[in-house]
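Counting from 143, one number per residue, gives the positions in the first sequence under my numbering.
For glycine and all other residues, C-beta sits at the position ideal for the given N, C-alpha and C.
Remarks on the structure that follows.
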Amino acid sequence: MKEYFIQNAKAFVGETVTLKGWAYNVRKSGKIWFLLLRDGTGIMQCVVTSFDADEASFALKDEITLESSVLVTGVVKAEPRSPGGYEMLAHKLELVAIAEEYPISKKDHGIDYLMDNRHLWLRSKRQNAIIRIRHTIIKAIRDFFDARDFTLVDTPIFQKAATEGVATLFATEYFGEKAYLAQTGQLYGEAGAAAFGKIYCFGPTFRAEKSKTRRHLTEFWMVEPEMAFYDLDMNMDLAEEFVTYIVAQVLEHRRPELETLERDTSKLEAIQVPFPRISYTEGVKILQKNGVDFKWGDDFGGGDETIISSQFDRPVMVHRYPAAIKAFYMKRDPENDKQVMALDMLAPEGYGEIIGGSQREDDIEKLISRIKDDGATEEDYSWYLDLRRYGSFPHSGFGLGVERVVTWICGLKHIRETIPFPRTISRLNP
RNA sequence: UCCGGAGUAGCUCAGUGGUAGAGCGAGUGGCUGUUAACCACCAGGUCGGGAGUUCAAAUCUCUCCUCCGGAGCCA
C-alpha cells in the first residue's frame, strides 16, 4: 500500500498524489484560495484556482470550514512562498465531512479553555511538537535499556500496601478490601532484579497529593530501572548515561519540533557526561553561601533546588541525603549512619528533580528496624523481606519522571502540556 | 490546607456608582499569491451564584462556587 504523508513531501515532488487530512486554515480570495492541509505529520499549503481545479472543487471555498476533513489530489512542488517550502497545486478536492464551527480559533485562548478542549487542542502545531518529542523520549528510554540487556518487568498498578505513606495514595475498592493505585513499582522491581539481574518497569503512577504547581500531575509516567550488584556510584553512572542518551536522541530526531517550541538547543547540546556529583552536605554549603537560611537535615525545596542546579550547565546529582528525610528502603551510608545512599538528579534551568533513586538496604536487620521506625510491621513487608532472606545482594535503581523530562527538554513553563490528557487536582476531563 | 489573583459576548479582554464595549470568531458581500490574509456590513450579553448598601451596582460590602499562580509534598 502506497501512502503519502506531508512530512515526506520532498520525496514526491513533481508527482500527482492524494493527501488526506483536515483543513488547518483557509485563506480565500476571489479566484484563488489557499487551503492549509494538516495530516498529522505536517502542514501542506494547497493552492486552489479555477484554472487547475475542477468547478466543484473550487466551489468548496464557500463551504469548507476549519478542521473539515478532506482529500486533496494535486501536484506537489517546491515553493518558497509556501510555509514549509512545498505546495500542492490542487486538481481535485473531496470533502469527507464538514466540521461544525471549530472551538479553537486562530487567536489567543486561555489555558483552562484550551484544556477543556484538550481533545482538539492536540491538533495544534505546538501540541503536536510536544507529543512527538514525548514519543521520541519514550522510545529512547526503551532503546537505552534494550541495548544494555535490561528485561522489562511490569509491576502491578493495584497494590495492597503503601510504599511511602498512605495519605498520598489513591484508594480504591478491590473485591471487599482496600487497594491503592501504584505510586511506584520499585519494590516489585527489586524482586525483578533478583530474578533477571537488570530490569526496568515503565508505567503510569499515581499520587493523591494536592499539589498545585507547574511540576505536578496526579497521574504520570515513570520508568524505574533496578540493577543487581550495582552500588550507588554505578547507579549514578547509569543515570547520567541514560539522560545524556535521551537528550541526544531528541536532538537527533526532533530538531523541527524543538524549533517550533523555540527551545534554545545549545542548552541541550551541553548535556554530556560526566554530570557534576555533589553530596547533600555540599549542597547545603552551596545554599548557605547563597544566603539561604538552611540547616543540615532539612529537605530541599523547589527554590533550593533551583539555586543548586543553577551552579551547573548540566544536570547535577546530589547524593547521600539525611536518612530521616528519605525512604525506609534506602541503604545506610557505611561511613555515616545518619545518611543514606540516595541520589537525586536536578535538571538545569530550574526544572528541578527529574530522577530520584538509591542503593537499597540489603541488610535485613537494618531494614526491619527502619520498617518499625515507620510504624509498620515485618508482616506488612513479608514478601519484600524475602528478597533479603533468600540471597540478599547489593542493588540499586532510580525512577525518572517522564513528564518532568519532557517539560525540561521542551523548555515548557508547565508540565500539563507534556501528556496528551493530563490529570491534575482539578482536571479529570477530557 | 495556607497565601495571592481572576470570573463581563463563542474566545481574549477593556470597562471603579449613572443607557454594557472592543478585537477575534460566526454570518453576508468583495478581492488571482494569501502567510493568525485583507476590506465593508451585520448578529450576538441573566456582567460566576446568592444576599445586602444605594434613587441607581459589572463597579461598593458579605458569602458561596469555580479556575489560575505560589507554598508544602514529591518524579
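Taking buried to mean at least 16 other C-beta atoms within 10 Å of its own C-beta, is Trp525 buried or exposed?
Taking the first sequence and counting its residues from 1, one reaches residue 525 at position 383. Burial call: exposed.
Where Met459 sits in the DSSP three-state scheme:
Translated into positions along the first sequence, residue 459 becomes position 317. DSSP places Met459 in the strand class (E or B) of the three-state scheme.
Taking Phe384 as the reference, which of Glu401, Leu400, Lys409, Val415 has the closest Cα?
Here residue 384 corresponds to residue number 242 of the first sequence, with the count starting at 1. Selection Glu401, Leu400, Lys409, Val415 evaluated against Phe384 yields Val415 as nearest (Cα-Cα).
Work out the CA separation of Arg169 and Asp258 for me, nearest whole Å.
Reading the first sequence from its first residue, position 116 is the one you call residue 258. Reading the first sequence from its first residue, position 27 is the one you call residue 169. Note on geometry: alpha-carbon atoms of Asp258 and Arg169 lie some 27 Å from one another.
Backbone CA spacing between Asp479 and Gly543 [nearest angstrom]
The residue given as residue 479 occupies position 337 in the first sequence. The residue given as residue 543 occupies position 401 in the first sequence. When rounded, the separation of the alpha-carbon atoms in Asp479 and Gly543 is 29 Å.
Helix or strand or just coil, what does DSSP make of Pro416?
Counting from one through the first sequence, the residue named residue 416 turns up at place 274. Coil.
Rounded to a whole number of angstroms, what is the C-alpha to C-alpha distance between Glu157 and Asn150?
In the first sequence, the residue the question calls residue 157 occupies position 15. In the first sequence, the residue the question calls residue 150 occupies position 8. Spanning the two alpha carbons is a distance of roughly 12 Å.
Within 8 Å, do at least three Cβ pairs link the region 192 to 206 to the region 233 to 248?
Touching, yes, given that three or more Cβ pairs across the two stretches are closer than 8 Å.
CB of Leu208 within 8 Å of CB of Ala241, strictly
Taking the first sequence and counting its residues from 1, the one referred to as residue 208 is at position 66. Taking the first sequence and counting its residues from 1, the one referred to as residue 241 is at position 99. Closer than 8 Å, so yes.
Per DSSP, what kind of secondary structure is His537 in: helix, strand or coil?
Within the first sequence, numbered from 1, the residue matching residue 537 stands at position 395. Of the three classes helix, strand and coil, the one that applies to His537 here is strand, per DSSP.
Would you kindly work out how many angstroms separate the C-alpha atoms of Leu554 and Leu256, rounded to a whole number?
Locating residue 554 in the first sequence gives position 412, where the first residue counts as 1. Locating residue 256 in the first sequence gives position 114, where the first residue counts as 1. Taking the straight line joining both Cα atoms gives about 16 Å.
Is the beta carbon of Thr326 less than 8 Å from the beta carbon of Gly541?
As a working mapping, residue 326 is identified with position 184 in the first sequence. As a working mapping, residue 541 is identified with position 399 in the first sequence. At the C-beta level, Thr326 and Gly541 come within 8 Å of one another.
Determine which residues share a DSSP beta bridge with Lys320 and list them.
Translated into positions along the first sequence, residue 320 becomes position 178. Under the DSSP definition of a beta bridge, Lys320 partners with Glu315.
Alpha helix (DSSP H) runs contained entirely in the region 538 to 564, provided each spans 4 or more residues:
As far as the region 538 to 564 is concerned, its whole alpha helix (DSSP H) runs of at least 4 residues are 544 to 552.
Taking the alpha-carbon positions, what's the Phe470 to Asp181 distance?
The residue given as residue 470 occupies position 328 in the first sequence. The residue given as residue 181 occupies position 39 in the first sequence. If you take the alpha carbons of Phe470 and Asp181, they lie about 51 Å apart.
Burial state of Glu332, where buried means 16 or more other Cβ atoms lie within 10 Å:
Translated into the one-based positions of the first sequence, residue 332 becomes position 190. Counting other Cβ atoms within 10 Å of its Cβ, Glu332 reaches 16 or more and is therefore classed as buried.
Range covered by the alpha helix (DSSP H) that runs through Ala518
In the first sequence, the residue the question calls residue 518 occupies position 376. Annotation: Ala518 is outside any alpha helix (DSSP H) and is labelled neither H nor E by DSSP.
Name the residue from Glu351, Thr183, Val155 whose alpha carbon lies nearest to the alpha carbon of Pro398.
For this step, residue 398 is matched to residue 256 along the first sequence. Per the Cα distances, Thr183.
Spatial neighbours of Lys162 in its chain, beta-carbon cut-off 7 Å, leaving aside the 5 residues before and after:
In the first sequence, residue 162 corresponds to position 20, counting from 1. In chain order, Asp181, Leu213 place their CB closer than 7 Å to the CB of Lys162, counting only its own chain and leaving out the 5 sequence neighbours on each side.
Could you check what DSSP says for Arg569 in three-state terms: helix, strand or coil?
Here residue 569 refers to the residue found at position 427 of the first sequence. Strand at Arg569.
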